[in-house]
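*Asks:* Structure below; questions to follow.
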């Protein structure tokens, strides 16, 4: 009799474990090409990856890279499944590019996209007041800027109080004038002038560090960078220091063994160290 009870208990436990595993591996509910402006332009559209069930899930907003001149919201690799498995709604934003539009136009696109997310998050099981903004490469610069210069989101009807975190990945443009003065290749200097302008006033305008101030409700930052890249390392720690001077929570993580590409493409992997650092940060800022 005892052995029968043990067998029953083992089978029950196995079924429960299998059920939990299947539930965790459930594919995201995907909504693609949702326009966030009246223009119906695919460069002003977003994709939503949501858990199949539940509500008030924290929302992570992803801004792709591409040198401010190219890229697409579809390049998400492992991220959708990984974030949904962890209970997040994931949104990937498109935006228009240089030289067809200005950097200010790009920022306004992103703010409108985040404004759309704030307005519609609940329809996809998300919490509109629990937003985290992430981005890679040029998207890291744009994410950091939208989370420090509050003018863009204010114009889109979103308060910084709705932002709980910002996670930029591997860019050297948090302080453009400093980056230019610290030196680098001729190609980098020429490229940065083309993007940010030749005048220091313009470079400061689009540098996140010059918009950091106390009492703005700037969210907590996790700044990820490739360990072997001296330029992104220096800028990451510079940004961290400026944030901490203003009393804002900030931390830097150096991703060992990564390239500028793989720090993003590997994100969401079960054994990926930056991903584990990210999950810990997100649990702290959104309480999930």
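Numbering (the numbering used here), first residue to last: 234 to 521.
Backbone N, C-alpha and C define an ideal beta-carbon position, used for all residues, glycine too.
By DSSP, does residue 504 sit in helix, in strand, or in coil?
*Replies:* coil
*Asks:* From residue 354 to residue 416, what distance separates their C-alpha atoms?
*Replies:* Answer to the nearest angstrom: the Cα atoms are 43 Å apart.
*Asks:* Report the residue from 435, 414 and 377 whose alpha carbon sits nearest the alpha carbon of residue 407.
*Replies:* 377
*Asks:* Please confirm if the segment 317-330 is in contact with the segment 282-296, defined as three or more CB-CB distances below 8 Å between the two stretches.
*Replies:* yes
*Asks:* If you follow the beta strand (DSSP E) that residue 361 is part of, which residue opens it and which one closes it?
*Replies:* 359-369
*Asks:* As a quick exercise: from 402, 328, 314 and 299, pick the residue whose alpha carbon is nearest that of residue 268.
*Replies:* 328
*Asks:* Can you tell which of 441, 371 and 395 has its C-alpha closest to the C-alpha of residue 473?
*Replies:* 441
*Asks:* Determine which residues share a DSSP beta bridge with residue 290 and list them.
*Replies:* Partner(s): 359.
*Asks:* Tell me which residue opens and which closes the alpha helix (DSSP H) that residue 481 is part of.
*Replies:* Per DSSP, residue 481 belongs to no alpha helix (DSSP H) and is neither H nor E.
*Asks:* Among all the DSSP beta bridges, which residues are the ones paired with residue 400?
*Replies:* According to DSSP, which records beta bridges pairwise, residue 400 is partnered with 367.
*Asks:* Using only alpha-carbon positions, find the residue among 509, 429, 497 and 478 that is nearest to residue 340.
*Replies:* 429
*Asks:* By Cβ distance, which residues of its chain are closer than 7 Å to residue 389, with the 5 residues on each side in sequence left out?
*Replies:* Excluding sequence neighbours, residue 389 sits near 344, 345, 347 and 348.
*Asks:* Starting from residue 262, follow its DSSP beta bridges and name the residues at the other end.
*Replies:* 283
*Asks:* Any contact of the segment 512-519 with the segment 431-438, i.e. 3+ C-beta pairs under 8 Å?
*Replies:* no
*Asks:* At the level of alpha carbons, what is the spacing between residue 423 and residue 318?
*Replies:* 42 Å
*Asks:* Between 460, 471 and 456, which has its C-alpha nearest residue 443's C-alpha?
*Replies:* 471
*Asks:* Could you compute how far the alpha carbon of residue 277 sits from the alpha carbon of residue 392?
*Replies:* Cα to Cα, residue 277 sits roughly 21 Å from residue 392.
*Asks:* Whole alpha helix (DSSP H) runs in the segment 437-483 with 4 or more residues, listed along the chain?
*Replies:* If we require 4 residues or more, the alpha helix (DSSP H) runs fully inside the segment 437-483 come out as 463-478.
*Asks:* Is residue 486 helix, strand or coil by DSSP?
*Replies:* strand
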